[in-house]
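Per the numbering used here, the very first residue in the sequence shown carries number 404; after that it's consecutive.
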Amino acid sequence: GITGFLQMTGAVKANGSASQVEWFEEARLHAKQAGEWTGALAFEVDTTGTDEMYVRVNDVILHGADRYVVTAISEAAGVFTVTVEALGTVTAPVATDPLDAPIIGNLYAEGSDQPSRFLESNVVYRTNPYMILKETFKVTGSQATNIGYINLGGGDYRWYIKGEQDTRQRFLDKREMMMLLGQKDTATVGGKTVQGSEGYFAAIEDRGLVYSSTGVGNSALDTLPELDAIIVELDKQGAAPEYAIYGNTTQMLAIDGMVASLNGAAGYGNVTSGAASYGAFSNADQAVNLGFKSFSRGGYTFHNKSWKLLNDPTLLGSSAYNGVMIPLTSVIDPKSGERAAALEMNYKAVNGYSREMEHWMTGSILGVSNTNEDSLQFNYRSECNLVTRAANQHVLIK
């Protein structure tokens, strides 16, 4: 699963005693000017809504294939009216046409002053709180001495061990699903407030890339044009050259078939743009041993692996999610200058005390004697979250 993958790549981190993880992300260096044309040579930018004001007098903007220079700007109640002059022959826009214009530069007259306004760097502050998950399993003294018919290893047939093992695995599966599907919201349960944490899918759906297959009768990403459309979008987002694809069996079989049809063989490897790289792993054998199969396309290397949670019909097997594409890269925090994993699991810890995966027993049987109750209770607790940095480079396949 994702947590095992993150542990393997070193993207698991203790973040001390704060109630949430805080980080900063740098927005794009250049900004587009959004707005609405009010005529052939003027447009409005309404900053009372979602538009931001970036353009300045003397800036040159690109609208389609046409160039305009900004000649004047006026403001009234948060609405900026921008007057422009065409550079060369243009196709005049009409009122209510949307504006989505890159600012490609500026033009100044000889002997003129410097710009009267400057652009601030756009650094985004993000947070994600921790969430607390708990589980319990209990066995009485009488049950602990019952012999079952399942060999649990080493010739041990005690049935309660099977129950404890299953409880632990269910807890780990649910913890992973909460890091994937969690919502950053609060709720009141039993008069107390419970704090949710932003999961991976929610982060991508909010500010990342969501791909819905267009294949007829098949929800999987299974054709070269579909993959190429994603690669083109990744290029726009300045994505990393290496990705891990976690998908359900339908998705993995679709990729198997697509790659096999490209290279004329059932295996993986070179696919139109050079031999596969294994940068996330020490060598190809390690990738294979871990269940990854890799191929390259359009300058990107993709490592693929079937994902148990998306296959199990009692878990996410019936969900709308086919898989994810995780960039194997690190992201620089513009405030601290430190690099951090694009996808990172965090847990509470301080002075040697860790809440990543706590496990303790209470009772008076099987060598435990901290209560007078004729039973043994197994307790599990984890306080953790998942941080998705540069979500615009992550892909959710639905």
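We put the CB at the ideal spot given by N, CA and C, even for glycine.
It should be emphasised that the depicted structure is a prediction, and the values quoted were computed from it without experimental measurement.
In whole angstroms, what separates the C-alpha of residue i from that of residue j?
i: S772; j: Q780; result: 11 Å
i: V527; j: T494; result: 37 Å
i: A606; j: E538; result: 26 Å
i: D777; j: L536; result: 26 Å
i: Y552; j: G566; result: 13 Å
i: M534; j: P496; result: 51 Å
i: A590; j: N531; result: 16 Å
i: P505; j: T474; result: 17 Å
i: S524; j: F427; result: 12 Å
i: M760; j: I464; result: 54 Å
i: G770; j: A547; result: 12 Å
i: I550; j: D559; result: 9 Å
i: S733; j: N749; result: 15 Å
i: S422; j: A512; result: 54 Å
i: K639; j: K435; result: 14 Å
i: L624; j: A663; result: 14 Å
i: E439; j: L719; result: 43 Å
i: A791; j: G544; result: Note that residue 791 corresponds to Thr in the displayed sequence, not to Ala. T791 and G544: Cα-Cα distance of roughly 45 Å.
i: K711; j: L522; result: 48 Å
i: T652; j: I768; result: 44 Å
i: D715; j: R742; result: 35 Å
i: Y457; j: D503; result: 12 Å
i: A745; j: A793; result: 7 Å
i: P628; j: S709; result: 22 Å
i: E455; j: A632; result: 29 Å
i: R610; j: E747; result: 17 Å
i: F540; j: N775; result: 17 Å
i: Q517; j: A414; result: 46 Å
i: F483; j: Q586; result: 37 Å
i: A657; j: G404; result: 20 Å
DSSP puts residue i in a beta bridge; with which residues?
i: S515; result: BP columns for S515 are empty, so no partner.
i: S785; result: L536
i: P501; result: E439
i: H762; result: Y783
i: N509; result: D462
i: F427; result: Y528
i: V790; result: E747
i: K541; result: Q780
i: E636; result: Beta-bridge pairing links E636 to no other residue.
i: A752; result: S757
i: L627; result: Partner(s): none; L627 has no beta bridge.
i: I800; result: Y614, G726
i: A445; result: G442, T486
i: E645; result: T704
i: G650; result: S709, G726
Since residue i and residue j should fall inside the 8 Å C-beta cutoff, what is the C-beta to C-beta distance between them, to a whole number of angstroms?
i: I729; j: Y614; result: Not a contact, Cβ separation roughly 14 Å.
i: N707; j: M661; result: The Cβ separation is near 11 Å, so there is no contact.
i: Y646; j: L731; result: 6 Å
i: G481; j: T441; result: Contact flag wrong, Cβ pair sits at about 16 Å.
i: V485; j: V448; result: 7 Å
i: S699; j: A417; result: Not really, about 35 Å apart at Cβ, beyond 8 Å.
i: Y783; j: R571; result: 7 Å
i: Y724; j: F604; result: 7 Å
i: L490; j: V472; result: 6 Å
By a C-beta neighbour count over all protein chains shown, 10 Å radius and 16 as the cutoff for buried, is residue i buried or exposed?
i: N788; result: buried
i: E579; result: buried
i: D462; result: buried
i: M581; result: buried
i: S600; result: buried
i: L637; result: buried
i: D763; result: With the sequence shown as reference, residue 763 is identified as Trp, and Asp is not the correct amino acid for it. Under this definition W763 is an exposed residue.
i: H797; result: buried
i: S420; result: exposed
i: E478; result: exposed
i: T704; result: buried
i: E786; result: buried
i: H377; result: No statement about residue 377 is possible, as the shown extent of the chain runs from 404 to 801 and does not include it.
i: I800; result: buried
i: S697; result: buried
i: S515; result: exposed
i: K738; result: exposed
i: K595; result: exposed
i: L432; result: exposed
i: A766; result: Per the sequence presented here, residue 766 reads as Gly, with Ala not at that position. G766 should be labelled buried.
i: A669; result: Residue placement at A669 is flagged as unreliable, the pLDDT there being 39, under the threshold of 50; the coordinate-derived value follows with that caveat. Exposed: under 16 other Cβ atoms inside 10 Å.
i: L510; result: exposed
i: L389; result: Nothing about residue 389 can be reported from this structure: the residues present for the chain run from 404 to 801 only.
i: T499; result: exposed
i: V592; result: exposed
i: R470; result: buried
| query | Residue ranges of each beta strand (DSSP E) run of no fewer than 3 residues wholly in the stretch 695-750, ordered along the chain? | reply | 696-700, 703-709, 726-730, 733-735, 742-744, 746-750
| query | Which full runs of the beta strand (DSSP E) of 3+ residues lie inside the stretch 545-620, going along the chain? | reply | 589-592, 595-598, 612-614
| field | Runs of alpha helix (DSSP H) lying entirely within the stretch 449-479, each at least 4 residues, in chain order | value | none
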